[in-house]
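Notes to accompany the following structure.
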Amino acid sequence: MEATATAPAWRANLATILALMARTRNEIIRVPGAAIPGVLAPTIFFLGLNGVFGALTQLSGFETGSYESFIVPVSMLQGAGFTGAAAGVNLARDYERGWVDRLLVSPAPRWVLLTGNVLAASARAFVPATFVLAIAFALGAQWPGIDGLVICFAMVAATAAIAACWGSMLALRFKSQSAAPLMQAGMMGLILLTPAYAPLALLQPWLEKVASVNPLTEVVEAARQGFVGSVTWSGTWPGLLALAGLLLVLGALALREMRRTNV
Amino acid sequence: MSDLASTARVVRALGARSIRQTFRRPQLISPIIVFPTLLLAIQTGGAGAGVELPGFPPVQSFLQFMLAGSMMQAMMLAGNSGGIAFAVDIEMGFTDRLFAAPIPRFAIVLGRLAGTAALGLFAALWFLAIGLIFGAEIEGGVPGALLAIALITASALAVGGIGAAIALRSGSASVVQGLFPLVLVVLFLSSAFFPQELMIEPARTIAEYNPLSFIVEGVREPIISGIDATHTLEAVAAIAGIIILGLVLSARALQHRLRVG
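Those sequence lines, one after another, are chains P and A. Going by this note's numbering, the first sequence opens with residue 18, and the numbers climb by one from there. Going by this note's numbering, the second sequence opens with residue 378, and the numbers climb by one from there.
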């Protein structure tokens, strides 16, 4: 019998990842309303926090006089966190409906299935981030420069990937959309237990301690640097390192849950 | 058994059911307790230095100032969660079965509202306990704490009425769930989280006329300085206004639901 020519493994894996990403894109195109909460939540937080806490810039120790500039990277990261967590909720929904079972019996490796879900979340995070940023610019936020903007969006995409790993891990462990609050609260806590509202020196002592050990603090500072000052390599690499570490740990945990999931 | 007693029994049973339902589902209890607690911690820690701003009212700590805002947030979300649960009951046909039962129709709505009010009471106790544990003082003492609890419980009933009206009108849990961002908008545009005088325009002007600002000030005064008749009366008037609005909307929505089935 003649052997049939098969595509190289890497090409099949790439095709699977792209197909999973396309599925998420189709979801946005076919049900645009589904993307609204993910866009609305960080926008409301941005406008709300700006209106409520804007006077904090009068405190000595604030590095900028514009609270919009100070808070917009946090809102963009928050949007990424919501989007990533939503990827976990969608995975739980897919599990409940039997779609994940069908994926698991396919010949695609588990890491490919996870990567597709995670990269789709990263790409989707650009939607709320761009929307919030446009509103911030309309309100007078400082232009961060091309380098500041690129770094900020890179942080957003990677944060969404981390949130998607976290959400996927919980989705596969609990196998229920009921775990959604845990996915969202976890990311919200991680992002806001940083110098999100005020510089580190102005935080209450307990939060200052928590923020100084929270790896997301470096991510927030890196994403914010262009908006409140100038972009430097020393302000960027700790954020990249923190993201790489988080991605490694949460990615490994999510993959472990996926490998444990039986059909 | 008198009509009133049997109606009270129905309201109590439905109220107890709605409380059990909330505590059994993490997606319902989480917005009422977990998110407001998390935000209280983060905002207290992050914006606590705000008490040093000129114009900030004299307070023992930012936590003391924030307690009323967190109670309001939990109370509003309890109203929203109650509306979602009510809509789920409509979607699943449970409410239709209640409509067919020999009980007054308003008792069905009242039962749900009783449950929402109980959750408001729970939220008020929860945040007062958190405040006391972390060192916040209640300047109005026990009467002040009781007043704050009563105002939050009544507010939950009032906001729950609007949630129930929307649930009855739409019959869709996702529509009521969609109001979640609106709850946050209304809260941010009130003096729940920061003194109105220190807010940025246009939020400051909107907060000045937002009924929630009157309620939050009525709850906050007994905590940060003591019971004040003016603030209390303004809060009671705002709550009464929302209750009347909720009753009117609920009655109309109930008629609509009975008509369309």
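Cβ coordinates follow ideal geometry from the N, Cα and C atoms, glycine included. Note that the structure is predicted; figures quoted are calculated from it, not measured.
| Check | Outcome |
| --- | --- |
| Taking the C-alpha atoms as reference points, what is the distance between residue 454 of chain A and residue 406 of chain A? | 9 Å |
| Count Cβ pairs between the segment 98–113 of chain P and the segment 148–167 of chain P that sit closer than 8 Å; are there 3 or more? | no |
| List the residues of chain P whose Cβ lies closer than 7 Å to the Cβ of residue 425 of chain A, in chain order. | 221 |
| In chain P, which residues lie with their C-beta within 7 Å of the C-beta of residue 497 of chain A? | Correct list: empty, because the minimum Cβ distance to chain P is about 19 Å. |
| Beta carbons nearer than 7 Å to chain A: which residues of the segment 78–96 of chain P have them? | none |
| Tell me, to the nearest whole angstrom, how far the beta carbon of residue 525 of chain A is from that of residue 596 of chain A; I am working on the premise that it is less than 8 Å. | 5 Å |
| Are the C-beta atoms of residue 625 of chain A and some chain P residue less than 8 Å apart? | no |
| Tell me whether residue 617 of chain A is buried or exposed, calling it buried when 16 or more other Cβ atoms sit within 10 Å of its Cβ. | exposed |
| Going by DSSP in three states, residue 537 of chain A sits in which element: helix, strand or coil? | helix |
| Between the beta-carbon of residue 442 of chain A and the beta-carbon of residue 69 of chain P, is there less than 8 Å? | no |
| Is there a Cβ from chain C that is less than 8 Å from the Cβ of residue 67 of chain P? | In summary, chain C is missing from the structure at hand, where the protein chains are P and A. |
| If you drop the 5 nearest sequence neighbours on each side, which residues of the same chain put their C-beta closer than 6 Å to that of residue 267 of chain P? | 179, 182 and 183 |
| Tell me the DSSP secondary structure of residue 183 of chain P in three-state form. | helix |
| Could you work out which residue in A:433, A:456, A:383 and A:396 is closest to residue 557 of chain A when comparing CA atoms only? | A:456 |
| Give the single residue among P:210, P:277, P:27 and P:195 whose Cα lies nearest to the Cα of residue 113 of chain P. | P:195 |
| Is residue 250 of chain P helix, strand or coil when you go by DSSP? | coil |
| Are the C-beta atoms of residue 452 of chain A and some chain P residue less than 8 Å apart? | no |
| Please report the distance separating the alpha-carbon of residue 483 of chain A from that of residue 93 of chain P. | 45 Å |
| Is there at least one Cβ from chain A nearer than 8 Å to residue 70 of chain P's Cβ? | yes |
| Which of the three DSSP states, helix, strand or coil, is assigned to residue 507 of chain A? | helix |
| Excluding the 5 residues preceding and the 5 following residue 581 of chain A in the sequence, name in chain order all residues of the same chain whose CB lies nearer than 7 Å to its CB. | 573 |
| State the Cα-Cα distance for the pair residue 206 of chain P and residue 411 of chain A, rounded to the nearest angstrom. | 11 Å |
| Going along chain A, which residues have a C-beta under 7 Å from residue 159 of chain P? | None at all; the shortest Cβ gap to chain A is about 17 Å. |
| By alpha-carbon positions, which one of A:604, A:396 and A:427 ends up nearest to residue 658 of chain A? | Because chain A in this structure spans residues 378 to 638, residue 658 of chain A falls outside the shown range and cannot be described. |
| Please list the terminal residues of the continuous alpha helix (DSSP H) segment that includes residue 380 of chain A. | 380–401 |
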